[in-house]
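Undergrad: Before we start, here is the structure in question, set down as structure tokens.
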Amino acid sequence: MIDVARKLAFLLIGHAGLSALAKPLVGSVGAILMLHRVTALLERPESPNRHLSITPQFLDALIGEMKRMGYAFVSMDEAVARLRMANGGRFAALTADDAYRDNLTEALPVLEKHAAPIAIYVAPGLTGGEVDLWWEVLYDIVSAGKPIAVTMPDGKLKLDCSTPEGRAAAFRRLSDHIAGELREEEQRAVLRGWADMVGVDASAPNRTLLMNWNEIRRCAAHPLVTIGAHSVHHYNLKRLRKESALREMYRSRDMIEAELGRSPVHFAYPYGYAAAVGLRETDLAREAGFVSAVTTRHGVLRPEHADSLHALPRLSVNGRHQELAVMRAMLSGATTLAANRGRRLVTV
Ligand SMILES: [Zn+2]
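Adding 542 to a residue's 1-based position in the sequence shown gives its number in the numbering used here.
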């Protein structure tokens with residue numbers, strides 16, 4: 543869906559021109575922006591995780607531009623309060639999933655310059671290293687360039703990783719296997735088997751890319767940062783039994799409270815797309831006691847979201863398309879319609 547939105551953003555820019563996008567089209571009151579990594583150290587262009595990284599310079603330019611457009615940057619607490627208010631003004635909330643270290647070292651200085659708050663969603667399993675950052679590990683595995691022998695539902699396969707095309711295809715096939723064919727609880731052991739096969743350290747990405755608890759404590763003490771919960775194990779909650787999905791939610795909250803001394807009230811669903819969060823999960827997030835929960839569905843905020851605080855859509859700030867024109871098109875609400883078959887109110 544995000545791809546659809548991005549393509550439409552380009553089309554609109556080409557055909558309508560930017561002036562047509564200046565006014566919100568769908569009664570938007572604001573937007574929640576989704577980030578992952580913010581770093582000047584650019585990933586290789588061929589990285590399948592390239593979309594997850596933006597530069598601090600782009601973040602700076604984006605916040606500056608949105609302020610000129612009249613957006614007030616607010617915390618998730620304030621975003622919820624404004625949704626509940628009739629006339630809250632146009633606002634934007636920044637969010638970052640997974641608690642990458644560069645949120646502290648490279649994003650926070652930019653946010654300080656603009657006094658822009660951010661919610662960082664922490665999955666204690668990732669932070670503590672009990673869960674692998676599998677999309678990063680998988681990229682390391684295919685980047686080793688060695689053939690990978692795997693057993694798939696359709697039989698044994700040998701994936702050639704000696705060429706860029708081979709590596710891209712192997713990454714796609716293996717990530718589909720991890721995210722769609724293996725049970726969530728099996729993923730780590732299988733991933734580690736592949737890593738061992740090609741001599742890759744599967745725990746390296748957690749260590750090098752993610753914050754540890756001390757760093758998260760530093761963030762939590764910062765007046766601009768809200769720490770939210772992101773489940774314990776970063777499992778696709780829709781693929782779990784109901785009781786397990788609920789436990790993932792409240793245990794992540796309790797583990798974060800034990801580390802930080804403060805209980806998070808905002809939640810982000812792991813993955814957040816339609817195959818990972820539906821009505822059952824939004825009910826569970828409410829039952830678990832969270833005040834809000836964000837998805838990765840593509841959409842701007844409307845006043846009606848006050849009644850769907852556990853199914854809030856976001857706009858992804860995509861590392862492959864760090865252009866203000868793309869973001870302006872998304873903020874106009876036009877891509878919300880296109881990515882959701884004409885729906886103005888995006889929930890789940
Ligand atoms: Zn995540």
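From the three backbone atoms N, C-alpha and C, an ideal C-beta is built for every residue, glycine too. Computed from a predicted structure; not experimentally measured.
For Leu575 versus Leu857, is the C-beta distance shorter than 8 Å?
TA: Closer than 8 Å, so yes.
Undergrad: Residues bridged to Ala771 by DSSP?
TA: Val664 and Phe809.
Undergrad: Can you check whether the CB of Ile596 is closer than 8 Å to the CB of Gly841?
TA: Their beta carbons are not under 8 Å apart, which means Gly841 does not touch Ile596 by this criterion.
Undergrad: Within 10 angstroms of the Cβ of His557, are there 16 or more other Cβ atoms? Answer buried if so, exposed if not.
TA: With a pLDDT of 49 at His557, under the threshold of 50, the modelled position of this residue cannot be trusted; read the value that follows with caution. Burial call: exposed.
Undergrad: Locate the alpha helix (DSSP H) running through Met739, then write down its first and last residues.
TA: Looking at the DSSP string, the run of the alpha helix (DSSP H) that includes Met739 is Gln729 to Val740.
Undergrad: With a cut-off of 6 Å, give the chain-ordered residues whose Cβ is closer than this to any heavy atom of ligand 3.
TA: Ligand 3 is not part of this structure, which contains only ligand 1.
Undergrad: If you check the beta carbons only, do Leu879 and Arg886 fall under 8 Å apart?
TA: The answer is yes: Cβ separation under 8 Å.
Undergrad: With 16 other CB atoms within 10 Å as the buried threshold, where does Met753 fall?
TA: Met753 comes out buried.
Undergrad: Straight-line CA distance for Leu701 to Ala712?
TA: Each residue's alpha carbon lies about 6 Å from the other.
Undergrad: Please report the distance separating the alpha-carbon of Ser561 from that of Leu873.
TA: Any reading at Ser561 must be qualified, since the residue scores a pLDDT of 46, below 50, and its modelled position is unreliable; the value itself is stated next. Their backbone Cα atoms lie some 13 Å apart in a straight line.
Undergrad: Going by CA-CA distance only, name the one from Thr581, Trp736, Ala810 and Gly875 that's closest to Tyr642.
TA: Checked all of Thr581, Trp736, Ala810 and Gly875; the closest Cα to Tyr642 is Thr581.
Undergrad: Can you tell me whether Asn778 is buried or exposed? The criterion is at least 16 other CB atoms within 10 Å of its CB, across all chains shown.
TA: Asn778 should be labelled buried.
Undergrad: On the DSSP bridge list, what partners appear for Asp639?
TA: The partner list for Asp639 (beta bridge, DSSP) reads Tyr663.
Undergrad: Grouping DSSP H, G and I as helix and E and B as strand, with all else coil, what is His557?
TA: At His557, the pLDDT of 49 sits below 50, so the modelled position is not reliable and the matter cannot be decided from this model.
Undergrad: Which class does His840 belong to by DSSP, given the choice of helix, strand or coil?
TA: His840: strand per DSSP, three-state reduction.
Undergrad: Considering only the alpha carbon of each residue, which of Trp677, Gly572 and Ala827 lies closest to Arg592?
TA: The shortest C-alpha separation from Arg592 is found at Trp677.
Undergrad: Please give the ranges of any beta strand (DSSP E) in the region 773–835, keeping only runs that are unbroken, at least 3 residues long and fully inside the region.
TA: Qualifying beta strand (DSSP E) stretches, in chain order: 808–810.
Undergrad: Give me the Cα-Cα distance between Leu854 and Gly741, rounded to the nearest whole angstrom.
TA: Rounded to whole angstroms, Leu854 to Gly741 spans 41 Å at the Cα level.
Undergrad: What residue range does the alpha helix (DSSP H) around Ile683 cover?
TA: Segment Trp676 to Ser685, the alpha helix (DSSP H) holding Ile683.
Undergrad: Taking the alpha-carbon of Ser717 as reference, which of Glu707, Gly884, Pro706 and Leu733 has the nearest alpha-carbon?
TA: The candidate whose alpha carbon is nearest that of Ser717 is Leu733.
Undergrad: Suppose the cutoff is 6 Å on Cβ atoms and the five residues either side in sequence are ignored; what does the same chain contact list for Val616 look like?
TA: Excluding sequence neighbours, Val616 sits near Phe633 and Ala635.
Undergrad: For chain C, check one thing: does any of its Cβ atoms lie closer than 8 Å to the Cβ of Ser617?
TA: The structure shown contains no chain C, having only a single protein chain.
Undergrad: Quick check on DSSP: helix, strand or coil for Pro587?
TA: In the structure shown, Pro587 sits in coil (DSSP, three-state: anything other than H, G, I, E or B).
Undergrad: Are the beta-carbon atoms of Pro706 and Glu588 separated by less than 8 Å?
TA: Going by C-beta atoms, Pro706 is nearer than 8 Å to Glu588.
Undergrad: Cα separation between Leu699 and Ile690?
TA: Whole-angstrom Cα-Cα distance: 8 Å.
Undergrad: Does the count of Cβ pairs from the region 646–664 and the region 764–783 closer than 8 Å reach three?
TA: These segments touch.
Undergrad: When the Cα atoms are used, what is the spatial distance from Asp738 to Ala881?
TA: Their backbone Cα atoms lie some 40 Å apart in a straight line.
Undergrad: Around the Cβ of Gly630, are there at least 16 other Cβ atoms within 10 angstroms (buried) or fewer (exposed)?
TA: With 16 or more other Cβ atoms within 10 Å, it is buried.
Undergrad: Ser625 and Leu843 look like a contact to me (Cβ under 8 Å); what is the Cβ gap, rounded to whole Å?
TA: Checking the sequence shown, residue 625 turns out to be Leu, not Ser. About 7 Å; that satisfies the 8 Å criterion.
Undergrad: Would you mind working out which of Lys784, Gly572, Phe600 and Leu583 sits nearest Tyr613, comparing C-alpha positions?
TA: Taking only the C-alpha atoms, the option nearest Tyr613 is Gly572.
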